[in-house]
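Asker:
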DNA sequence: GTCTATAATGGGATAGAC
DNA sequence: GTCTATCCCATTATAGAC
């Protein structure tokens, strides 16, 4: 798996204006190869040799591109959250507010299922980050969480969502739904992302119980 | 945190009749202390010194009780799955079949939320197990998954659950709901398990969307 | 059953040649 | 930009005294 890698090494980020702006240029193939390994083995259990050999290089060569192993994890989390947040915000700007929840679910799932390794690692390995980078990622995650929370609250105001359950619980449940799917999916195997997204949306919105109108 | 520890060291399990029978006696406090650390730091990042110091002993003393660090992880997973499976099976034997899904959700959540560290670790760190033990835990997990799947299918036959969505998706969604709650919960903080369980059950069964009967 | 001391291994990261 | 060689240190696990 020799995805050859271009320019640049990781620099310490200076005070940048936008949150999670790119502090560096590590090639995409590089980052995604790392995401795949981190997902399979876990970040801590994955050695620099593992990373290098997946790229067909020696581990010392790895350090031509990065300063430390953690750089890769940080890039995975940063890129994932930036992409997801951007996509959802773009969706919110174009969609009719009466179907915002539905639209956000669709956007989230399509983004996340397209890059399962990246998002799985972001979810599970953020705790392995240290210092300021960890804080940055946790903040970015919280920002995204707050966007979802806001969409849920507006959904309640619009009549898209029920009002007899606190928004906190609706948000939590939605988050569960959106996140853990990465694991179920890998376990279950051969389900097409589009189908999953459709069914998950219906189950979250309509519920799993039989309706009175159903036959029995 | 000196939970003093009694007898025994880990023996290799012989061919035992029942699945996941206890091959050893490591004290409960020991195992739960390890679960707490594994959850916070991750299994691979948690050192034997960390484990020992949480118990107020030297790391070499740890090896009086276990043969290897992995013993602790295995015990966490084994005990968790045994308890959960047992509790759900007991529930299924006593409950009316028309409310089995509801009852299983309640049982699952009460068990899992009472031992969050244990179950979080079981969910996230099974991959760190090796060899036969890993297989055993994966099998136990699958058995539990199949029990839930069966409950869902019977729920569809009974009219407890809707029939217009494949049971695979209903099971997957239920699993997501039941599992990921461990993480949401820790993030959100101060919600009482009973409340969470109640709301989660309602959202899964009734859905998050506003009903026609709602005031807009 | 707990300790001190230490062996043995493997990991992240660097030096410096090509 | 990639390599070989190596440093340094943390980690798992053991030895053996008390």
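Residue numbers (this note's numbering), protein chains in the order written: chain Y, 1 to 216; chain C, 1 to 216.
Note that beta-carbon positions come from the ideal geometry of N, C-alpha and C, so glycine has one too.
Among 148/Y, 64/Y, 153/Y, 97/Y, whose alpha-carbon lies nearest the alpha-carbon of residue 166/Y?
Answerer: Checked all of 148/Y, 64/Y, 153/Y, 97/Y; the closest Cα to residue 166/Y is 153/Y.
Asker: Quick one: what does DSSP say residue 209/Y is sitting in, helix, strand or coil?
Answerer: In this structure, residue 209/Y counts as strand in the three-state DSSP scheme.
Asker: Indicate the three-state DSSP secondary structure (helix, strand or coil) for residue 142/Y in the structure shown.
Answerer: Helix, per DSSP.
Asker: Just to confirm, are residue 108/Y and residue 169/C a CB contact at a threshold of 8 Å?
Answerer: Taking 8 Å as the Cβ cut-off, residue 108/Y and residue 169/C do not qualify as a contacting pair.
Asker: Assign residue 142/C to one of two classes, buried (16 or more other C-beta atoms within 10 Å of its C-beta) or exposed (fewer than that).
Answerer: So residue 142/C ends up on the exposed side.
Asker: Could you tell me the alpha carbon to alpha carbon distance between residue 100/Y and residue 94/Y, rounded to whole angstroms?
Answerer: Each residue's Cα considered, the two are about 9 Å apart.
Asker: How many whole angstroms separate the CB atoms of residue 62/C and residue 51/C, which I take to be in contact at a CB cut-off of 8 Å?
Answerer: Yes, they are in contact, since the Cβ atoms of residue 62/C and residue 51/C sit about 6 Å apart, within 8 Å.
Asker: How would you label residue 156/C, buried or exposed, when you count the other beta carbons within 10 angstroms and need 16 or more for buried?
Answerer: Buried, since its Cβ has 16 or more Cβ neighbours within 10 Å.
Asker: Flag residue 118/Y as yes if its beta-carbon sits less than 8 Å from any beta-carbon of chain C, otherwise no.
Answerer: Residue 118/Y does not count as touching chain C.
Asker: Under 8 Å between C-beta atoms, does residue 6/Y make it to chain C?
Answerer: Only weak support exists for where residue 6/Y lies, its pLDDT of 45 falling under 50; the coordinates are left without a value.
Asker: Just curious, the alpha helix (DSSP H) that residue 31/Y is in, first and last residue?
Answerer: Segment 28-41, the alpha helix (DSSP H) holding residue 31/Y.
Asker: Name the chain C residues that come within less than 8 Å of residue 202/Y, Cβ to Cβ?
Answerer: Residues of chain C passing the Cβ test: 165.
Asker: Take residue 179/Y and list the residues in its own chain whose beta-carbon comes closer than 7 Å to its own, dropping the five residues that flank it on each side.
Answerer: So the list reads 123, once near-sequence residues are dropped.
Asker: Near residue 31/C, what residues of its chain come up, given a Cβ to Cβ distance below 7 Å and the 5 sequence neighbours on each side ignored?
Answerer: Cβ within range, chain order: 72, 75, 76, 79.
Asker: Buried or exposed: residue 210/Y, going by 16 or more other Cβ atoms within 10 Å of its Cβ?
Answerer: Buried.
Asker: Contact defined as beta carbons within less than 8 Å: I believe residue 85/Y pairs with residue 26/Y. What is the distance between those atoms, to the nearest angstrom?
Answerer: Going by Cβ atoms, the distance from residue 85/Y to residue 26/Y rounds to 20 Å, so no, they are not a contact pair.
Asker: With 8 Å as the threshold, decide whether the Cβ of residue 50/C is near any Cβ in chain Y.
Answerer: With 8 Å as the cut-off, residue 50/C does not count as an interface residue toward chain Y.
Asker: Go ahead and label residue 64/C buried or exposed: buried means 16 or more other beta carbons lie within 10 angstroms of its beta carbon, across all protein chains shown.
Answerer: It is exposed - the Cβ of residue 64/C has fewer than 16 other Cβ atoms within 10 Å.
Asker: I'd like to check one pair, residue 45/C with residue 44/Y: are the Cβ atoms closer than 8 Å?
Answerer: Closer than 8 Å, so yes.
Asker: Could one say the Cβ of residue 27/Y lies closer than 8 Å to chain C's Cβ atoms, at least one of them?
Answerer: Not an interface residue.
Asker: List the residues that DSSP assigns as beta-bridge partners of residue 161/Y.
Answerer: Residue 161/Y pairs with 209/C.
Asker: Is there at least one Cβ from chain Y nearer than 8 Å to residue 146/C's Cβ?
Answerer: Not closer than 8 Å to any Cβ of chain Y, the Cβ of residue 146/C fails to qualify, so no.
Asker: For the alpha helix (DSSP H) containing residue 96/Y, list its first residue and its last residue.
Answerer: Unbroken run through residue 96/Y: none, as it is neither H nor E.
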